Each structure stands twice: as C-alpha cells, then as structure tokens.
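**Student:**
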Amino acid sequence: MTELAVAILPTDDLAAAKAFYVDGLGFRVLWEASEDGHSGLLGVARGTMQITLDGPMEGHGRNACVSLHVNDADAYYNEWSVKVQGVNAPRDQEWGARTFDLHDPSGNTIFVIGPLRGGA
-15 MTELAVAILP
-5 TDDLAAAKAF
5 YVDGLGFRVL
15 WEASEDGHSG
25 LLGVARGTMQ
35 ITLDGPMEGH
45 GRNACVSLHV
55 NDADAYYNEW
65 SVKVQGVNAP
75 RDQEWGARTF
85 DLHDPSGNTI
95 FVIGPLRGGA
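Residue numbers (this note's numbering): -15 to 104.
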C-alpha cells in the first residue's frame, strides 16, 4: 500500500455531495458508510486524487479547502464547467501555476492547480 494523505471535507448532505463529486466531477465511489444516504462517510477518487466526505462532521472546522494538483487545469475546467455551476475560469498565477476554483454544495473550496500552458 502506498502511503497517502487524504483530505476530509465536511458535508451537509452526503447524497448531494455524492451527486456533485461523482456525477458532476467524475470521481468514483471507493467506499460508503451511511445508514440513510444523507449522513455518514464517503470516500471518492479520480485517478490518484482522493477525498473523504464526512457529514455532519460536527466538532471540526467548516468551509474547508482542498487543492487538486493536475496535469492540465484547462482540461478539468472544460469538463467540469459544463456539469456544475460556479466554476471560476482558469488564470495564470505569478507563482508559476494555472489555477481555478469552485465550491461544493457544502461551501468547501476545490482549488485546482496545474502547470502554466506550454509547460512554462
């Protein structure tokens, strides 16, 4: 097994989070622990990216942020912007990356980071 750090994001409704991440962003379900489909834990993955969603996740901080490091930020933007609302357009950062962001149904920020176009 490869050691891995996985972000845990709070969610208000596991079913809404599952629809957003699986149907909207193309993640697949790794595992799910829920008796009612609306509270519990859900592990999702897309390639080597993994996220755990926890609802109601009481006692922890809310409005979390996760960064996803990808090979082509524009490709993810083009895919996701037609499937979910509120995806902000990619932009080049002065620190040498191309980024965009969006929010999930519980207000968590997904910050996508890729290389500048042309590999610069």
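Every residue, glycine too, gets a C-beta built ideally from N, C-alpha and C.
It should be emphasised that the depicted structure is a prediction, and the values quoted were computed from it without experimental measurement.
Given residue 83, which residues of its chain have a CB within under 7 Å of its CB, disregarding the five upstream and five downstream residues?
**Tutor:** Stepping through the sequence shown from its first residue, residue 83 is reached at position 99. So the list reads 57, 74, 75, 77, 95, 96, 97, once near-sequence residues are dropped.
**Student:** Once the 5 residues before and after residue 14 are set aside, which same chain residues still bring their CB inside 8 Å of it?
**Tutor:** On the sequence shown, position 30 is the one that residue 14 refers to. Contacts found: 27, 28, 29, 34.
**Student:** Residues in its own chain within less than 6 Å of residue 137 by CB, not counting five upstream and five downstream?
**Tutor:** This structure cannot settle anything about residue 137, because the visible part of the chain is limited to -15 through 104.
**Student:** Measure the C-alpha to C-alpha separation of residue 23 and residue 38 and round it to an integer number of angstroms.
**Tutor:** Along the sequence shown, read from residue 1 onward, the residue named residue 23 stands at position 39. Along the sequence shown, read from residue 1 onward, the residue named residue 38 stands at position 54. Rounded to whole angstroms, residue 23 to residue 38 spans 7 Å at the Cα level.
**Student:** Check residue 4 in the structure and name its three-state DSSP category.
**Tutor:** For the purposes of this step, residue 4 is identified with residue 20 of the sequence shown, where counting begins at 1. DSSP places residue 4 in helix when its eight states are reduced to three.
**Student:** So, is residue 92 buried or exposed, given that buried needs 16 or more other C-beta atoms within 10 angstroms?
**Tutor:** Taking the sequence shown and counting its residues from 1, one reaches residue 92 at position 108. Buried, since its Cβ has 16 or more Cβ neighbours within 10 Å.
**Student:** Between which two residues does the alpha helix (DSSP H) harbouring residue 64 extend?
**Tutor:** For the purposes of this step, residue 64 is identified with residue 80 of the sequence shown, where counting begins at 1. Its alpha helix (DSSP H) spans residues 57 to 64.
**Student:** Quick check on residue 26: does DSSP put it in helix, strand or coil?
**Tutor:** As a first step, residue 26 must be located in the sequence shown, where it is residue number 42. Three-state DSSP puts residue 26 in a strand.
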